[in-house]
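*Asks:*
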Amino acid sequence: MGTMNVLTGEYEYTLDSKSRFLMPAEFRAYLGDPMYFVRGFENCIYVYSEEKWQKMAEDIRNLPWSSDAARWVKRIWFSSSLKVRTDPQGRVLIPQVYREHVLQSGKVVVLGCFDYVEIWDEERWRTEASEKIGLLSQFLQEANQ
Numbered sequence: 022m023g024t025m026n027v028l029t030g031e032y033e034y035t036l037d038s039k040s041r042f043l044m045p046a047e048f049r050a051y052l053g054d055p056m057y058f059v060r061g062f063e064n065c066i067y068v069y070s071e072e073k074w075q076k077m078a079e080d081i082r083n084l085p086w087s088s089d090a091a092r093w094v095k096r097i098w099f100s101s102s103l104k105v106r107t108d109p110q111g112r113v114l115i116p117q118v119y120r121e122h123v124l125q126s127g128k129v130v131v132l133g134c135f136d137y138v139e140i141w142d143e144e145r146w147r148t149e150a151s152e153k154i155g156l157l158s159q160f161l162q163e164a165n166q
């Protein structure tokens with residue numbers, strides 16, 4: 022049985038003067054170049070490989086146009102998706118639109134989330150994670166019943 026590549030870990034960075042940070046090498050290797058930023062549900066940034074983004078985009082594209090909810094999903098998904106490339110040093114630039122709407126400070130936390138990455142404002146991540154840690158126990162208890 023082969024090993025499955027899984028993105029894991031939590032990394033803290035301070036953005037440089039140009040709003041860049043060094044994406045962990047393991048994440049860069051998995052995500053490839055380019056990668057896609059999408060505004061996340063929790064006011065974070067989801068980061069997908071081009072292959073995963075294309076698959077998700079195709080699924081979203083195929084939602085019924087007659088559905089108001091589907092049209093909003095399409096609008097939000099595609100309008101918030103940005104193709105991003107790393108520079109030769111492996112740094113990623115946080116685009117202005119995300120700095121304005123998602124990041125409150127110059128510090129970010131980068132999370133491996135199995136097959137995609139999340140980028141959070143550090144303070145928001147600390148607050149949300151401490152408030153939500155109980156969900157892990159609850160979920161595991163329910164899953165084992």
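Numbering (this note's numbering), first residue to last: 22 to 166. Think of the CB as a built atom: it goes at the ideal place given N, C-alpha and C, for glycine as much as any other residue.
#1: How many Å lie between T15 and V130 at the Cα?
#2: Between which two residues does the alpha helix (DSSP H) holding W77 run?
#3: Count the other C-beta atoms from every protein chain shown that fall within 10 angstroms of the C-beta of M22, then say buried if there are 16 or more, exposed otherwise.
#4: Go through its chain and collect everything with a Cβ distance to K104's Cβ below 7 Å, but skip five positions before and after it.
#5: What does the alpha-carbon distance come out to for the pair E31 and G133?
#6: Alpha carbon to alpha carbon, what distance is there between E163 and V59?
#7: Helix, strand or coil for E163? Go by DSSP, reduced to three states.
*Replies:* In this structure, then:
#1: Summary: the structure shown does not reach residue 15, with the chain confined to residues 22 through 166, and so no result is reported for it.
#2: Before going further, note that residue 77 is Met rather than Trp in the sequence given. Unbroken alpha helix (DSSP H) run through M77: 71-82.
#3: Below a pLDDT of 50, predicted positions are generally treated as unreliable, and M22, at 49, falls in that range; the measurement from the model is reported next regardless. The residue is exposed, with fewer than 16 neighbouring Cβ atoms inside 10 Å.
#4: P55, Y57
#5: 7 Å
#6: 31 Å
#7: It is helical.
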